[in-house]
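Each remark here refers to the structure printed beneath this line.
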Amino acid sequence: MNDETFLHERVEVIAIFGQGHHPCRPLKFRRASGREINISELGLHHPFGQGRKTLHIFDVTDGGADYRLEFDSEQLVWHLTMEADHYERI
Amino acid sequence: MSEFNHERPLIMHIDLNSCFATVEQQARPMLRGRPVAIVNRRSEHTAIVTASYEARAKGVKVGMRFKEAKALCPDIVALESDPSKYRYVYHRLLDIMNDYSAHVTMKSIDEGVIDFHDSPAAISGRDLEDIGREIKQRLKDEIGIWMRCNIGIATNRFLAKTAAGLHKPDGMDIITPENLRQVLATLELTDLTGIAKHNERRLNSVGIFTPIEFLDADVMALQKVVFKSVVGRWWYERLRGFEVDDVVSDVKRVGRQYVLESFDLTHDQIAKRLHHLCESVGSRMRSQNRAARGIYVYAKTLQRQYWHVSSLSILPFYSDQTIYAQARRLFDQAPGDLKEIGIHCYELEAIEDDQLSLFNDQIVHERQVTGAIDDINKRYGERTIHSANTLGTGIYVSQKIPFGSTRYL
């Protein structure tokens, strides 16, 4: 349908925990390949309940592709779960 | 009563139009300004649930098949719906609305009403347009810069909703007795919420073809001839800005439907999907502490025929096991060539304590097992425990966008 890739890749993330309506903002992440991605915009952050566990989902972009990062608030780990670059037609 | 309601307009209708597409464009900045369609399934034959304004501008409509949309708008992007995002935005919108009044009613996942009648402190000398602009800005600040909403202000819910639909997207309008005729003159009968084809035909049959003619119609004619009930009077009052829609409806039924992912499934394969629906309905019903006495199973065939059957029990039931046992018994009478299946539980009543069941080991056992399963699913996530019969159905019958009722959001 689209050029979306769904994955579950452990990534390293640099994030700021500050104030305001969006207190956590991921700034940059490093993929398993070593590639580093600078986040230019946080699109949407929303929590996702898995039973009593909460995953924090961050839809972000680097200006060239959209990515979905998931922060597991119980394990304190980040995963890259989706990347989409040019949204091809079905 | 021929006068209009001249009180201060204190009802605000807020509508996140093209909500799901807008939320996706908020989440995925690369899609902003591009035609986007939200679909429930990844196929060309899937129907469009919501289209972005860019897609609508090219003629794409809700309900249209994606294939048709692609013909109209070749660069359209289809995204599978992501209900958790929309639920999040719903709750943020509700939080914002609750800051202004204790009388907030969400009409669906993407629209709600604020009644400012008992909120003098929230208004404190401001006009509602000013508050409307503040709400629009808060949506951008608290959710994201791409979020937009339509706001309508009037003396009743009906006219406030009408006002919210006048200038999409991102509009804000007030309907007052002074501009009511001017606004109605720009609309068709079917633009009015509650007037679809059937009611339009009723009105046409007595020579009413426009909202202005509807407004000018005699109350007795509406009551005795057109609607043949008190509904005619309600319309007369509604059009004049008097509140007739401030009613809270109780849950009357709980149900789910499913369009089959493939039309060559065997009866048993379809029954498994029905079983999945029963588990979903049972869980929803118990979350509202409700048991049912009635069950209604229906199906649509490829030949567009509608089949349905129902049964009513003496004793209330609520476990997934019982719901499916009854539904399966009814479903075994279903015809072939099915395209869609659905189930409703009705005659709902509160689940009673164990007291009456103490003498019946089987009922107590069922209650305990159901309670334990619900506890585990609440703790570890939906469908952590479910029937072995529905293993593998989850990838097809996953929970989609809950339109209509907001009880389960």
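Protein chains in written order, with our numbering: chain A, 320 to 409; chain B, 411 to 819. Note that CB positions come from ideal geometry on N, CA and C, so glycine has one too. Please read these numbers as outputs of a predicted model, since none were measured by experiment.
**Request:** Name the residue from B:A570, B:Y510, B:K571 whose alpha carbon lies nearest to the alpha carbon of B:I541.
**Result:** Numbered from 1 along the second sequence, position 131 holds the residue referred to as residue 541 of chain B. Selected option, being the one with the closest Cα: B:Y510.
**Message:** Let me confirm a value: B:Q772 is counted as buried when at least 16 other C-beta atoms fall within 10 Å, else exposed. Which label applies?
**Reply:** Counted from its first residue, the second sequence places residue 772 of chain B at position 362. B:Q772 comes out exposed.
**Message:** Taking the alpha-carbon of B:I780 as reference, which of B:C755, B:S697, B:A467, B:I724 has the nearest alpha-carbon?
**Reply:** Here residue 780 of chain B corresponds to residue number 370 of the second sequence, with the count starting at 1. Note that residue 780 of chain B is Thr in the sequence shown, not Ile. The alpha carbon of B:T780 has as its nearest neighbour, out of B:C755, B:S697, B:A467, B:I724, the alpha carbon of B:S697.
**Request:** Have a look at the DSSP bridge pairing and note the partners of A:Q369.
**Result:** Here residue 369 of chain A refers to the residue found at position 50 of the first sequence. In the DSSP output, where bridge partners are listed per residue, A:Q369 has A:K372.
**Item:** Straight-line gap, B:R497 to B:L503 (C-alpha atoms, nearest Å)
**Value:** As a position in the second sequence, residue 497 of chain B is number 87, starting the count at 1. As a position in the second sequence, residue 503 of chain B is number 93, starting the count at 1. Between the C-alpha atoms of B:R497 and B:L503 there is a straight-line separation of about 10 Å.
**Request:** Give the straight-line distance between the Cα atoms of A:E323 and A:I356, rounded to the nearest whole angstrom.
**Result:** Within the first sequence, residue 323 of chain A is the residue found at index 4, counting from 1. Within the first sequence, residue 356 of chain A is the residue found at index 37, counting from 1. Between A:E323 and A:I356, the C-alpha separation is close to 17 Å.
**Message:** In the DSSP assignment, the alpha helix (DSSP H) including B:V641 goes from what residue to what residue?
**Reply:** Here residue 641 of chain B refers to the residue found at position 231 of the second sequence. It spans 641 to 649 - the alpha helix (DSSP H) in which B:V641 sits, taken as one unbroken run.
**Item:** Cβ of B:M440 within 8 Å of any chain A Cβ
**Value:** To locate residue 440 of chain B, count along the second sequence from 1; it is residue 30. Cβ-Cβ to chain A under 8 Å: yes for B:M440.
**Message:** Using a Cβ-based criterion (distance less than 7 Å to any ligand heavy atom), does A:L363 qualify as near the ligand NAP?
**Reply:** No copy of the ligand NAP appears in this structure; indeed no ligand is present at all.
**Asked** Checking contacts by CB at 8 Å: is A:Q338 closer than that to chain B?
**Response** Here residue 338 of chain A refers to the residue found at position 19 of the first sequence. No, no contact with chain B.
**Request:** Would you check if the distance between the CB atom of B:I421 and the CB atom of B:N566 is smaller than 8 Å?
**Result:** The count along the second sequence starts at 1 and reaches residue 421 of chain B at position 11. The count along the second sequence starts at 1 and reaches residue 566 of chain B at position 156. Yes, the Cβ-Cβ distance between B:I421 and B:N566 is below 8 Å.
**Message:** Which residues in chain B have a C-beta closer than 9 Å to the C-beta of A:D385? List them in chain order.
**Reply:** By 1-based counting over the first sequence, the position of residue 385 of chain A is 66. Within 9 Å of the CB of A:D385, the CB atoms of chain B belong to A437, R438, P439, M440, L441, in sequence order along the chain.
**Item:** Residues of its chain near B:M474, where Cβ-Cβ distance is below 6 Å and the 5 sequence neighbours each way are ignored
**Value:** Along the second sequence, one-based indexing puts residue 474 of chain B at 64. Excluding sequence neighbours, B:M474 sits near I458.
**Message:** Beta carbons nearer than 9 Å to chain B: which residues of the stretch 363 to 389 of chain A have them?
**Reply:** Hits within the stretch, in order: L363, H364, H365, P366, F367, G368, Q369, G370, R371, K372, I376, D378, V379, T380, G382, G383, A384, D385, R387.
**Prompt:** Using DSSP with H/G/I as helix, E/B as strand and the rest coil, what is B:A481?
**Reply:** Along the second sequence, read from residue 1 onward, the residue named residue 481 of chain B stands at position 71. If DSSP states are grouped into helix, strand and coil, B:A481 belongs with the helices.
**Request:** Evaluate B:P621 with the Cβ neighbour count: other Cβ atoms within 10 Å of its Cβ, from every protein chain shown; 16 or more gives buried, anything less gives exposed.
**Result:** Indexing the second sequence from 1 puts residue 621 of chain B at position 211. Label assigned to B:P621: buried.
**Prompt:** How far does the alpha helix (DSSP H) with B:Y790 in it reach, from first residue to last?
**Reply:** Counting from 1 along the second sequence, the entry for residue 790 of chain B is found at position 380. Unbroken alpha helix (DSSP H) run through B:Y790: 771 to 790.
**Prompt:** Is it the case that the Cβ atoms of B:E413 and B:G443 are separated by a distance below 8 Å?
**Reply:** Indexing the second sequence from 1 puts residue 413 of chain B at position 3. Indexing the second sequence from 1 puts residue 443 of chain B at position 33. At a Cβ-Cβ threshold of 8 Å, B:E413 and B:G443 do not count as neighbours.
**Request:** Go through its chain and collect everything with a Cβ distance to B:D425's Cβ below 8 Å, but skip five positions before and after it.
**Result:** As a first step, residue 425 of chain B must be located in the second sequence, where it is residue number 15. The residues are D520, E521, C559, N560, I561, G562, K571, A574, G575.
**Item:** Minimum Cβ-Cβ distance from A:A403 to chain B less than 8 Å
**Value:** In the first sequence, residue 403 of chain A corresponds to position 84, counting from 1. Contact with chain B is found for A:A403, since one of that chain's Cβ atoms lies less than 8 Å from the residue's Cβ.
**Asked** Among the residues of its own chain, which have a CB less than 8 Å from the CB of A:L361, if the five just before and after it don't count?
**Response** On the first sequence, position 42 is the one that residue 361 of chain A refers to. These residues qualify, in order along the chain: H341, R344, P345, F377, D378, V379.
**Request:** Report yes or no: is there a C-beta of chain E within less than 8 Å of the C-beta of A:E360?
**Result:** Absent from the structure: chain E. Protein chains present are A and B.
**Prompt:** In whole angstroms, what separates the C-alpha of B:R466 from that of B:R438?
**Reply:** Taking the first residue of the second sequence as position 1, residue 466 of chain B is located at position 56. Taking the first residue of the second sequence as position 1, residue 438 of chain B is located at position 28. The alpha-carbon separation between B:R466 and B:R438 amounts to approximately 19 Å.
**Message:** If I follow the unbroken alpha helix (DSSP H) through B:S723, where does it start and stop?
**Reply:** For the purposes of this step, residue 723 of chain B is identified with residue 313 of the second sequence, where counting begins at 1. Not the alpha helix (DSSP H): B:S723 falls in the beta strand (DSSP E), residues 716 to 727.
**Asked** Taking the continuous alpha helix (DSSP H) assigned at B:C429, which residues delimit it?
**Response** Within the second sequence, residue 429 of chain B is the residue found at index 19, counting from 1. First-last of the alpha helix (DSSP H) with B:C429: 429 to 437.
**Request:** Would you list the residues sitting across from A:H398 in a DSSP beta bridge?
**Result:** Taking the first sequence and counting its residues from 1, one reaches residue 398 of chain A at position 79. Partner(s): A:R329, A:E389.
**Asked** Relative to the alpha-carbon of B:I751, which residue among B:I761, B:L740, B:E757, B:E759 has its alpha-carbon at the smallest distance?
**Response** Sequence index remark: in the second sequence, residue 751 of chain B carries index 341 (1-based). Of the candidates B:I761, B:L740, B:E757, B:E759, the one whose C-alpha sits nearest the C-alpha of B:I751 is B:L740.
**Message:** Applying the 10 Å Cβ sphere with the 16-neighbour rule, what's the burial state of B:M695?
**Reply:** Residue 695 of chain B sits at position 285 when you count from the first residue of the second sequence. So B:M695 counts as buried.
**Asked** From B:V669 to B:V472, what distance separates their C-alpha atoms?
**Response** Position 259 of the second sequence, counted from the start, is the residue given in the question as residue 669 of chain B. Position 62 of the second sequence, counted from the start, is the residue given in the question as residue 472 of chain B. Distance between the alpha carbons of B:V669 and B:V472: 17 Å.
**Asked** Less than 8 Å separating the beta-carbons of B:E623 and B:T800?
**Response** Here residue 623 of chain B corresponds to residue number 213 of the second sequence, with the count starting at 1. Here residue 800 of chain B corresponds to residue number 390 of the second sequence, with the count starting at 1. No; because the gap between Cβ atoms is not below 8 Å, this pair is not in contact.
**Asked** Would you say B:S409 reaches chain A, if we count a Cβ-Cβ gap shorter than 8 Å as a contact?
**Response** There is no way to answer for residue 409 of chain B, as the model of chain B reaches only from 411 to 819.
**Prompt:** What are the complete beta strand (DSSP E) segments, minimum 3 residues, inside the stretch 556 to 605 of chain B?
**Reply:** Segments of the beta strand (DSSP E) lying fully in the stretch 556 to 605 of chain B: 560 to 564, 582 to 584.
**Asked** In the structure shown, what three-state DSSP assignment does B:E550 receive?
**Response** By 1-based counting over the second sequence, the position of residue 550 of chain B is 140. What sits at residue 550 of chain B in the sequence shown is Lys, not Glu. Reduced to three states, the DSSP call for B:K550 is helix.
**Request:** May I have the straight-line CA-CA distance separating A:M320 from A:L374, to the nearest angstrom?
**Result:** Taking the first sequence and counting its residues from 1, the one referred to as residue 320 of chain A is at position 1. Taking the first sequence and counting its residues from 1, the one referred to as residue 374 of chain A is at position 55. Here the model assigns A:M320 a pLDDT of 45, short of 50, so the residue's position is not dependable and the matter cannot be decided.
**Prompt:** The alpha helix (DSSP H) with B:E623 in it runs from where to where?
**Reply:** Taking the first residue of the second sequence as position 1, residue 623 of chain B is located at position 213. Under the DSSP assignment, B:E623 falls in the alpha helix (DSSP H) whose first and last residues are 621 to 626.
**Asked** What residues in the stretch 783 to 808 of chain B bring their beta carbon closer than 9 Å to a beta carbon of chain A?
**Response** Correct list: I786, N787, K788, R789, Y790, G791, E792, T794.
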